[in-house]
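Presented below is the structure to which this report refers.
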């Protein structure tokens, strides 16, 4: 969750000076790219979601992490669309978890 918050802050700093959000973490100054600081999640921007008003950042569990056994929370994501923020998670098998989301309420 901290790694996704870091991406959100870096994207807002970028967008304040540019016409669109940055499409790659490698080109986003101040963003944590690669993995979370605890080495449990790979951090990325979801392809096809980045434009002038929206993006989705995702933290996907790394198979060697102890978190990999949590089948309900295989990926955490934050979607920004205009002024709306949506927190969701993806379980094993790739299905988006139903609301209330079991991973973000913990």
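In the numbering used here, the protein residues as written are 2 to 107. Heads up, the beta-carbon is just placed ideally off N, CA and C, and yes, glycines get one too.
#1: Which partner residues of residue 42 appear in the DSSP bridge assignment?
#2: Touching or not, the segment 84–94 and the segment 35–48, by the rule of three or more beta carbon pairs under 8 Å?
#3: Determine, using beta carbons only, whether residue 64 and residue 21 come nearer to each other than 8 Å.
#4: Between the beta-carbon of residue 91 and the beta-carbon of residue 76, is there less than 8 Å?
#5: Distance, Cα to Cα, residue 94 vs residue 47?
#6: If we call anything under 8 Å between Cβ atoms a contact, is residue 8 one with residue 44?
#7: Within the same chain, show all residues whose beta-carbon is closer than 7 Å to that of residue 14, passing over the 5 residues directly before and after it, in chain order.
From the atom records:
#1: 62
#2: no
#3: no
#4: yes
#5: 17 Å
#6: yes
#7: 31
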